[in-house]
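Working notes, structure below.
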Amino acid sequence: DVFYIGRSIDYAIAMEGALKLKEISYIHAEAYAGGELKHGTLALIVPETPVIAVATQDDVKSKMYSNIQEVRARNAEVIGIGFDDDRELEKYVTETIRIPRVSGFIAPILSVIPMQLLAYYTGVKRGNDVDKPRNLAKSVTVE
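Following this line, the structure appears as structure tokens:
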């Protein structure tokens, strides 16, 4: 299992990251809103559980750091995605992926790219055909 967490618009990016990992690598992944961690999600965190934490929204950053500390207290391995000038993030995570500092509304565009690359290279490492994922349609018709 891999868990993704985010707050505000970063939660939407966390959901996209989890979806991409499932589609390409066939690993069970779920995204959770940082504010919902105490509602059962923390019970799923065991030592070395991989957690991807998206922390680009300045208005909720202190709360996000608190969420990261909660999963780290359970010995999760946390990869943080944040701005290149955010030195505080690295205090709380196992590894850091940095993106350039941009406005909060543009940050999701940049922060989704490392998520896509993580899914891609995980799928490649697992020997999956990442160009033709199984059971994935290029278009969906809704009736």
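Every position in the sequence shown, counted from 1, becomes a number in the working numbering once 1 is added.
We put the beta carbon where it would ideally sit given N, CA and C, even for glycine.
For clarity, every value in this text was computed on a predicted model and none was experimentally measured.
| query | result |
| --- | --- |
| Inter-residue spacing [alpha-carbon to alpha-carbon] between A34 and Y12 | 6 Å |
| At least three beta-carbon pairs within less than 8 Å, the segment 52 to 60 to the segment 82 to 89 | yes |
| Within 8 Å, strictly: CB atoms of I6 and A15 | yes |
| Cβ contact check for the segment 82 to 101 and the segment 29 to 47: 3 or more pairs under 8 Å | no |
| E24 in three-state terms, based on DSSP | helix |
| Distance CB(L22)-CB(A30) smaller than 8 Å | yes |
| Reference Y93, options V113, F106, Q70 and E49, closest by Cα | Q70 |
| Closest residue to I46 among F4, A19 and S9 (Cα-Cα distance) | F4 |
| Reduced DSSP secondary structure (H/G/I, E/B, other) of T97 | strand |
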